[in-house]
Amino acid sequence: MCEANAYIRRNGHDELVLEAVDKLIPENNQVSMVNIFGQQKIVKARVIELSLVDHKIILEEITNL
915 MCEANAYIRR NGHDELVLEA VDKLIPENNQ VSMVNIFGQQ KIVKARVIEL SLVDHKIILE
975 EITNL
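Under the numbering used here, think of the first position of the sequence shown as 915, with each following residue one higher.
Structure (structure tokens):
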């Protein structure tokens with residue numbers, strides 16, 4: 915399996931947003947994600963880190979637009 919879990923980093927802690935992410939599309943100050951179960955999440959965030967070996971996607975919430 916090549917899926918990764920997506921987390922938002924807040925106050926130095928990573929909070930799970932979506933498990934088993936299959937597709938991630940960053941656009942217009944937001945990130946759209948779909949997992950292998952068909953669940954979709956859209957968050958106002960940007961990708962700050964990808965850890966492919968650990969299967970982790972770290973996002974940073976965008977609060978000022």
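Backbone N, C-alpha and C fix where the C-beta goes; we use that ideal spot for every residue, glycine too. This structure is a prediction, so every number in the text was calculated from the model and none was measured.
Simplified DSSP state of residue i, which is helix, strand or coil
i	result
residue 968	coil
residue 922	strand
residue 939	strand
residue 929	strand
Close beta carbons around residue i, own chain, < 7 Å, minus the five adjacent residues each side
i	result
residue 948	936, 937, 954
residue 963	972
Closest residue to residue i among the options (Cα-Cα distance)
i	options	result
residue 978	967, 932, 925, 944	944
residue 940	961, 974, 951	961
In DSSP terms, what residue i is bridged to
i	result
residue 957	945
residue 963	972
Cutoff 6 Å; reference residue i; Cβ partners in own chain excluding five residues on either side
i	result
residue 946	939, 956
Beta-carbon proximity of residue i to residue j, cut-off 9 Å
i	j	result
residue 918	residue 930	no
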